[in-house]
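Residue numbers (UniProt numbering): 1 to 226.
I have placed the structure first, in the form of structure tokens, so that the comments after it can refer back to it.
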């Protein structure tokens, strides 16, 4: 009985190793995928980023296309679906084993794109910035759902800004909005040179807002935090 159990375990181990090697991925080797791109037409109303355990930077570009470069572990998907462009970085179960488990992702988005952008971060770091304070990146809506990670935003102007953070930090400089909402379960939010109204819920964490002048109401429900 013990011998049969040992044989079964050995076969399972060999099968697992076969799956990993057959996918051209070792536990410690790096993968890289670069240059995947898709055209941004006038019909595109949404760009959605679904990022799992990745360090990501979104860069405005003069080109009329979304381009994604990825280095490290993970599988990247870039696809058009009606009026939406979906960018996803996922990891297979065995890619969580070993070192260098994170992906480094660069997403290039047309700087003239001005519709909706939705960002879902499982874990990792995220950076997104407009060209300058006088040339902010203008979007109709920017929606962020952050599980655990750090996000930096700079020089962005939106009609609607929403941030829902479970555990992680958001630092934003030069953010302008007509309708802002921040919900924090556990994490810190720092908004400097902020302009616009702001409301939200703070369960456990710290919210810091600085602005040159008050241009809208600020309303928060605080359970435990600052």
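Where is the CB? At the ideal position from N, CA and C, for every residue including glycine.
These figures come from a predicted structure and were not determined experimentally.
| Check | Outcome |
| --- | --- |
| Measuring CA to CA, which of 197, 55 and 79 is closest to residue 177? | 197 |
| What's the gap between the Cα of residue 223 and the Cα of residue 85? | 37 Å |
| What residue range does the beta strand (DSSP E) around residue 128 cover? | 116-129 |
| Is residue 54 helix, strand or coil by DSSP? | strand |
| Less than 6 Å between C-beta atoms, sequence neighbours within five positions excluded: which residues of the same chain meet that for residue 124? | 53, 54, 55 and 149 |
| How many angstroms separate the CA atom of residue 227 from the CA atom of residue 155? | Any property of residue 227 remains undetermined from this structure, which presents the chain solely from 1 to 226. |
| Near residue 218, which residues of its chain fall below 6 Å by C-beta distance, leaving aside the five closest residues on each side in sequence? | 198 |
| Helix, strand or coil for residue 142, going by three-state DSSP, please let me know. | strand |
| Looking only at DSSP bridge pairs, what is residue 69 linked to? | 106 |
| What number of angstroms, rounded off, separates the C-alpha of residue 230 from the C-alpha of residue 169? | Coverage of the chain is limited to positions 1 through 226, which leaves residue 230 absent and any answer about it impossible. |
| With DSSP as the reference, identify every bridge partner of residue 59, one or two as the case may be. | 108 |
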